[in-house]
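Colleague: Using our numbering, the letters of the sequence shown map in sequence onto residues 3 to 679.
Backbone N, C-alpha and C fix where the C-beta goes; we use that ideal spot for every residue, glycine too.
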Amino acid sequence: LGLLEEGENVQFFQHYSTQASLNLGGDFALCENETRTIQPYVRGEGLTYRWSDGTTEPTLEVSAPGNYWVEVTNSFGCVLRDAVTVTGLASPPQVALPDTLIYCEGTPLTVQAPDKYLGYRWNEGAGKDSTFTVTDTGYVRLDVLNKAGCTATDSVYVGLRLPPVLDLGRDTALCPGDTLRLDAAVGEPASYLWNTGSADSSLLVVDSTGTYEVQVAVDNCVLQDAVEVLYYPKLPEPILTGSGVVCPGVVGVPYGIANREGSTYAWEVQGGAFQIPSGPDTLILVDWGASNSSASVAVQETTENGCVVEKARLPVRIQVALEPDTPRGEALVCANDSVQVYTTSFTPGSVYNWQLAEGGRILAGQGTSEVTVLWEQEGQWPLWVGESSITVDTVCDGASDTLRVAVYRDSATLDLAYVTRLGPESQGVEISIRSTNMPDTTILRLFRRPSGGPWQQVLEPGSQTGLLVDAPGLVPPVWEYESRQLNGCNQWVRSPTHTTLAMAQDTATSLATSTQLYWNPYREWPGGVVRYLLYRQLDQEPTYQLYTEIPGSDTAYLYSAGAEGFLHRFYVVAEGAVPQQRSLSLGVTATFENPLRFPTVFTPNADGFNDTYVIDNAPLYTPNSLTVVNRHGEVVFSQTDYDNTWNGGNLPEGVYYFLFESPGTNQPVKGVITLLR
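#1: How long is the line joining the alpha carbons of L2 and G246, rounded to whole angstroms?
#2: Helix, strand or coil: how does DSSP classify G621 here?
#3: Is it right to say H634 is buried, meaning 16 or more other beta carbons lie within 10 angstroms of its own, or is it exposed?
#4: Looking at Y546 and Q539, is the spacing between their C-beta atoms short of 7 Å?
#5: For G430, which residues from the same chain have a beta carbon less than 6 Å from its beta carbon, with the 5 sequence-adjacent residues on both sides left out?
#6: Any idea what DSSP makes of N35, helix, strand or coil?
#7: Residues bridged to R538 by DSSP?
#8: Going along the chain, which residues of its own chain have a beta-carbon closer than 7 Å to the beta-carbon of L488, five neighbours each way excluded?
#9: Just to confirm my understanding: we take G367, look at its own chain, exclude 5 residues before and 5 after, and list those with CB closer than 7 Å. What are they?
#10: Count the other CB atoms, across all protein chains shown, that sit within 10 Å of the CB of W356; report buried if there are 16 or more and exposed otherwise.
#11: Got a sec? Which residues, its chain only, sit under 6 Å from S193 by beta carbon, not counting five neighbours each side?
#12: For the beta strand (DSSP E) containing I286, name the first residue and the last one.
#13: Are the beta-carbon atoms of G291 and G273 separated by less than 7 Å?
#14: Mapping DSSP to helix, strand and coil, what is Q13?
#15: For A66 and G79, what's the separation of their Cα atoms in angstroms?
#16: Let me know if N626 comes out buried or exposed under the rule of 16 or more other beta-carbons within 10 Å of its beta-carbon.
#17: Can you find the residues in the same chain that come closer than 8 Å, C-beta to C-beta, to Y644, ignoring five residues on each side of it along the sequence?
#18: Quick one: any contact between the region 436–452 and the region 594–610, if contact means 3 or more CB pairs under 8 Å?
#19: For the ligand SAM, is there any heavy atom lying closer than 6 Å to the beta carbon of G351?
#20: Are there 16 or more other CB atoms within 10 angstroms of the CB of Q277, so buried, or fewer, so exposed?
#21: For L677, which of helix, strand or coil comes out of DSSP?
#22: Look at the Cβ atom of L111, then the Cβ atom of V136, and state whether they are nearer than 7 Å.
#23: Run through the DSSP bridge pairs and tell me what M505 is partnered with.
#24: Whose C-beta lies closer than 8 Å to the C-beta of F14 among residues of the same chain, with five residues either side of it excluded?
#25: I think P479 touches A504, with their Cβ atoms under 8 Å apart; what is that distance to the nearest whole Å?
#26: Can you list, in chain order, the residues of its chain whose CB lies under 6 Å from that of C33, leaving out five sequence neighbours each side?
#27: How long is the line joining the alpha carbons of C223 and V216, rounded to whole angstroms?
#28: So what does Q272 bridge to, in DSSP terms?
#29: Roughly how many angstroms separate the alpha carbons of V231 and V335, rounded to a whole number?
#30: Hey, S132 and Y122 are a contact pair by Cβ (cut 8 Å); roughly how many whole angstroms apart?
#31: Measure the C-alpha to C-alpha separation of V311 and P235 and round it to an integer number of angstroms.
#32: I need the straight-line Cα distance from A565 to Y658, nearest angstrom please.
#33: Could you compute how far the alpha carbon of G589 sits from the alpha carbon of G468?
#34: Which residues in the same chain as G369 place their Cβ atom closer than 8 Å to its Cβ, once the five residues preceding and following it in sequence are excluded?
#35: Rounded to whole angstroms, what is the Cα-Cα separation between Y559 and T501?
#36: Following the continuous beta strand (DSSP E) through L598, name the residue where it begins and the one where it ends.
Here you go:
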């Protein structure tokens with residue numbers, strides 16, 4: 003290996019260990035009727051064995067509790083020994099499957115073993131849980147292993163049966179009042195469960211629309227079926243129209259009902275004879291007989307679905323004293339809808355004499371069963387009709403009850419309390435709507451337009467009044483609003499038009515420290531505008547503050563306080579005679595330069611003129627500082643936030659130099675000051 007000197011020898015020695023190991027495993031228990039082989043674990047060649055029972059085989063078969071040992075001798079004569087104890091006999095699992103089960107085709111069948119064991123094997127490994135789902139007929143075998151390692155086996159034979167037939171019938175539709183008897187019987191003993199909750203019978207009586215389901219259990223067969231049942235809606239009985247009081251012997255009196263598509267009608271007449279003229283069977287003509295107080299007309303309707311509707315019956319009295327129907331028509335008439343039509347039942351051969359008071363006049367139809375009336379005055383007016391009829395041997399007449407017709411003019415009103423911007427820079431507008439006597443059944447609508455432009459509907463809040471919010475934007479700045487709603491007479495009622503406010507400034511007349519502000523007037527309040535409140539916000543002020551009050555007759559203001567700041571924002575608020583009348587305008591911004599001006603000479607001689615060194619607009623440039631030096635560079639005056647009060651002190655006349663510094667200037671300002679006494 004490169005580590006030996008030339009000529010050196012190496013000797014090798016072999017060492018045999020006598021510390022080989024032997025292990026028979028841990029103590030254990032045997033299952034009843036179990037024989038188990040004990041297998042020693044040992045390494046080596048030429049091994050010989052001697053067991054506690056004197057046998058010399060490599061393994062030992064045991065079937066009873068006890069202590070068992072083995073001695074193993076290897077080829078070197080080393081003897082190893084180990085022992086194991088069979089502690090006792092353990093009980094095997096208890097499994098008892100039924101001898102036979104019935105598998106119903108189409109219904110899953112589950113075989114259940116006790117779920118307390120360690121392992122399960124169904125049909126040579128087909129399942130490893132305590133349950134097994136059968137999918138075919140034949141034997142099902144189960145092997146079970148418990149925690150002691152003992153096993154047990156059992157089997158069950160699964161036979162096949164075909165399920166019985168369950169049929170509730172086809173989906174069906176029924177007439178109102180009909181019932182349907184559903185029968186789920188399958189011809190052999192079974193249990194039943196309906197989705198209605200019924201579980202005691204194969205029969206179920208149905209009387210309403212729905213889906214009806216049943217589950218039937220026979221042996222291991224579980225069957226299900228369902229049927230849809232629809233009930234046609236119940237129709238109201240037909241409304242029969244025609245004369246209820248007729249003259250004896252009158253012929254061809256019409257009676258009818260409204261036609262329902264697909265229906266057929268069967269008529270009955272007591273006290274006369276009838277015929278059906280050509281056309282639909284919804285009209286008959288009756289020839290009435292002699293006086294009869296119990297005559298009648300009846301009709302039975304059968305719908306296209308075969309359903310029989312409740313019979314309609316109209317009692318008829320055949321007598322000399324006629325009783326025409328009370329006039330039918332509007333009893334509440336709007337003055338703007340004063341032309342109205344009134345009718346009574348028509349009887350052939352009758353003459354109708356309509357009567358009304360001075361509140362209106364008949365335009366057409368006198369003598370017939372239908373008349374057109376023009377109502378000319380507001381108030382409550384009576385209307386009735388007389389009927390006369392002459393038959394072959396009888397003269398009949400009579401008068402109807404009175405219909406009292408109220409003619410009125412609708413008093414509903416609609417108004418806007420105000421329109422106002424939500425803020426001086428806001429795109430939103432708040433509108434307050436008020437109404438009186440408006441019906442809840444009509445819809446309130448809100449319209450807007452640019453000043454003088456076309457109207458456009460923007461909101462439809464329904465019948466409710468109150469506060470609404472619209473968002474017309476900032477351009478154009480002025481918008482007109484109005485609300486509209488139909489009153490009880492179906493007339494459109496429109497509110498007065500209200501206009502939003504907007505401010506502007508006249509830049510052509512603006513001066514260094516003043517500008518002309520103006521705004522459009524708010525004209526729509528009955529009492530007019532009492533005052534305008536002008537609000538101002540300067541530069542970095544957090545809020546607007548009331549600046550001044552302006553008479554309601556003015557819509558302009560000359561603002562002369564431009565020297566108080568650079569950026570001046572304004573808006574006005576119009577106020578009416580009542581607190582609810584208040585409208586805020588869009589704002590306007592005015593900008594003033596307010597430059598610094600530094601005098602070159604001042605004369606502090608106590609004559610009241612030019613006694614202090616005044617820098618124009620210096621207070622607007624705070625923070626600032628002013629420093630004055632003489633010609634030697636010595637500081638003779640210095641002040642932070644200069645207040646324009648320096649009077650030169652005791653300095654002699656002469657030329658001095660200043661330095662003014664402020665963040666409001668792009669750079670420090672330097673200059674010369676001449677002081678004269």
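Modeller: The answer reads as follows:
#1: Any answer about residue 2 is impossible in this case: the structure gives the chain only from 3 up to 679.
#2: The residue asked about is misnamed: residue 621 is Pro in this sequence, not Gly. Residue state for P621 is assigned as helix, using DSSP reduced to three classes.
#3: Under a 10 Å Cβ-count criterion, H634 is classified as exposed, with fewer than 16 other Cβ atoms of the shown protein chains found around its own Cβ.
#4: With respect to Y546, Q539 sits close: the two C-beta atoms are nearer than 7 Å.
#5: The beta carbon of G430 lies closer than 6 Å to those of L424, V471 and A473 in the same chain, with the five residues before and after it left out.
#6: Under the three-state reduction of DSSP, N35 is assigned to coil, being neither helix nor strand.
#7: Paired residues: Q547 and F572.
#8: Only residues of its own chain outside the window of five on either side were considered, and among them T444 and W494 have a CB closer than 7 Å to the CB of L488, listed in chain order.
#9: Result list for G367: V373 and T374, in chain order.
#10: Answer is buried; the Cβ neighbour count reaches 16.
#11: Setting aside the 5 residues that flank it on each side, S193 is surrounded in the same chain by A219, each with a C-beta closer than 6 Å to its C-beta; the list follows chain order.
#12: Counting along the chain, the unbroken beta strand (DSSP E) around I286 starts and ends at L285 to W290.
#13: When the beta-carbon positions are compared, G291 and G273 come within less than 7 Å of each other.
#14: For Q13, the pLDDT reaches just 42, beneath the cut-off of 50, and the residue's location in the model is therefore unreliable, leaving the point undetermined.
#15: So the two alpha carbons sit approximately 32 Å from each other.
#16: Under this definition N626 is a buried residue.
#17: Result list for Y644: I617, A620, N626, S627, L628 and F662, in chain order.
#18: Taking a contact to require three or more Cβ pairs closer than 8 Å, the region 436–452 and the region 594–610 do not qualify as touching.
#19: The ligand SAM is not among the ligands present in this structure, which contains no ligands whatsoever.
#20: Result: exposed.
#21: Looking at L677 - three-state DSSP - the assignment turns out to be strand.
#22: Contact flag set, yes.
#23: Paired residue(s): W521.
#24: The predicted position of F14 is uncertain, since its pLDDT is 36 and thus under 50; a value taken from the coordinates is nonetheless stated next. Hits under 8 Å: none found.
#25: Contact holds; Cβ gap of about 4 Å.
#26: The residues are A92, P94 and C152.
#27: Cα to Cα, the separation comes out at about 14 Å.
#28: Checking the DSSP bridge columns, you'll see Q272 partnered with S298.
#29: Going from the Cα of V231 to the Cα of V335 covers about 49 Å.
#30: For S132 against Y122, the beta-carbon gap comes to about 6 Å, under 8 Å, which counts as contact.
#31: Distance between the alpha carbons of V311 and P235: 11 Å.
#32: One C-alpha to the other measures close to 28 Å.
#33: Distance from the CA atom of G589 to the CA atom of G468, rounded to whole angstroms, is 26 Å.
#34: Cβ contact annotation for G369 (same chain, cutoff 8 Å, sequence separation greater than five): V353, Y354 and N355, in chain order.
#35: Going by the C-alpha atoms only, they are around 20 Å apart.
#36: Run containing L598: none; DSSP gives neither H nor E here.
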